[in-house]
Each structure stands twice: as C-alpha cells, then as structure tokens.
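Accompanying notes for the structure given below.
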DNA sequence: GGCCAGGCTGAAG
DNA sequence: CTTCAGCCTGGC
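Numbering (the numbering used here), first residue to last: 53 to 328.
So this is what it looks like as structure tokens:
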C-alpha cells in the first residue's frame, strides 16, 4: 500500500462491492478490497474513519480511480437533494448510504450484463472470472497473479465450445455476436461515448442478447449515464411496493443512482432472508 | 426431481 | 402492439 488518502464524500467499500454492479471485485480479508478496471488493479482498505490506504500512486488515483469511483460527483449532495420526496426512496437511501455508481469499462460491462440474464450474482461472477482466466492478460501484483478482462480482439479467436465452457449456456451466441460486432468496430464502443442516451441504447441493442435492461445497465455502469434506470425483477418489485407507480421520474439526472440505492436495498435490506 | 435466477428472442394472439 | 414459452446451468 503506497498512499494514504482522505475521502470526505460517501464511500463504503463493502456496500459498493456487494451492490451487484461489478463482478470482479474481491475481498482479500483484512477489509482490503481489490478492484480491476481495464489494465489497472487497485487494493484499497479503510484504515480509520474516512482514511483509506491504496496500492496506487496519487497520480494513478487522480487519473484512473477517482473517475472510476465517480468522485466528480457528490453523493452526499444527491442524497440531500433526493431526501423527502418519496418515503420508499428515503428508506432505501438510509439503508444504502455509502454506495456509489462505478464508472466501469464499457466492454466489460456490456459482456458482464449479457451474461447476467437469468443468473444469480455468484454465477455471473464465476462466468466472468472463467472468461478472464482463459483469455485475459495475466498481471502480477504484490498480492496475487490475476487476469484482466479480455478485450474483444482477444475473444475473436474463442470458439463457441470454449466460451460455453465458461458457463455461458444459451448466452454463448450472444457473447459471440458482441465480440464480432465490437471487434469489427460496429458499434465502436468508444464512439458511443458521444451519443445521446437514447442513441447509445439503440446502438447497444443491435447486439443479439442485448435488450433494454442490459442496454441500460451498460449505459449506467459502463458509460456513466446516471439518468439511466435499468428495470429488472428487483426494481419491478420495488415499483410494486410503491403502489405500482415508478418513483424514479422524481430524480431526473440522478435517477440511475437512486435506482442503485433501491436495488441494493431490495437484495440486502428488505426480505433479506430471500436473497442475501 | 422441480423450480427459479438481475432477460431476450421469436412466434403467436 | 402485447403476451409468453423456452432457453443453459447451478443451487437449493
């Protein structure tokens, strides 16, 4: 651990790690968490209140991780703005405070959420890990040897059998279509940064196996489109609890972040006997 | 063994 | 335009 830094805004590593938006975060015990994005690996631990020791230099923190953790935005302010508008949202924010929406790599996010359909979170992690294990570039760190998430170029050579062996099941042709299209630049995931939210969604949905839910997850977690609200079964249940009327329209550009507070509340807070 | 899990596709109404 | 069965696979 090279650096020590103080973070004043909401930042709870365990909540972030367990909130189901990322599938390659790992706990090393000792309250140290590992995050991976593109070719960067971070080990981070809260040593005392609001003080964190990190394995990267302050230069890398500022250049890579500050953006990844979305520190350009004050989550304390978001909570303050959203408070009092809707009782269910207040409950969810109380429970989930400390959560942040990560700005992950678009390609990894896209593939991860294609895989996610009809899977549990542990099963998603297993498949993503298997893909990295087979096709990802190895990286040595002070703690371990791990593999990066494979690029589309690296996956072009993968056979259907090899991908299926990663537990992709009927999603295998979906992932292969994403690999083909993205490796050939249609769509070009970098270019999509410039698109409006709606244009981004429709471009992503040209890929087989990408419907509106997966597209919105990619927009939110991979492109930082914080107004994007993916509606899955858990969020549908939350909307039912709100009398069948979606509360997310109240929150404008922050709706996707509010959605993440609610999602975390649904899977870990309410009815926690059902799904850890 | 049956059922369901962070959806999507294609076919039928 | 809307509804709905079926889908790989793992875990209870």
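Each residue gets a CB set at the ideal place from its N, CA and C atoms; glycine is no exception.
Annotation for residue 298: 291 place their beta carbon closer than 6 Å to its own, counting only its chain and skipping 5 residues before and after. Residue 223 is a Cβ neighbour of residue 169, given a cutoff of 9 Å. In this structure residue 128 is in contact with residue 61, their Cβ atoms being roughly 6 Å apart against a cut-off of 8 Å. For the set 118, 226, 232, 177, the Cα lying nearest the Cα of residue 203 is the one of 232.
A Cβ-Cβ contact shorter than 9 Å links residue 151 with residue 67.
Annotation for residue 283: no beta strand (DSSP E) segment contains it, and DSSP assigns it neither H nor E. Distance from residue 275 to residue 148 at the Cβ level is roughly 22 Å; contact not present, criterion being Cβ atoms closer than 8 Å. A direct Cα-Cα distance of roughly 11 Å separates residue 111 from residue 54. In this model, residue 239 and residue 271 are separated by some 14 Å (Cα to Cα). Distance from the CA atom of residue 283 to the CA atom of residue 320, rounded to whole angstroms, is 17 Å. Contact between the region 137–147 and the region 254–269 is absent, with fewer than three C-beta pairs closer than 8 Å. With 16 or more other Cβ atoms inside 10 Å of its own Cβ, residue 89 counts as buried.
Secondary structure note for residue 253: its alpha helix (DSSP H) is the uninterrupted segment 249–256. With respect to the 9 Å criterion, residue 278 and residue 255 are not classified as neighbours on the basis of their beta carbons.
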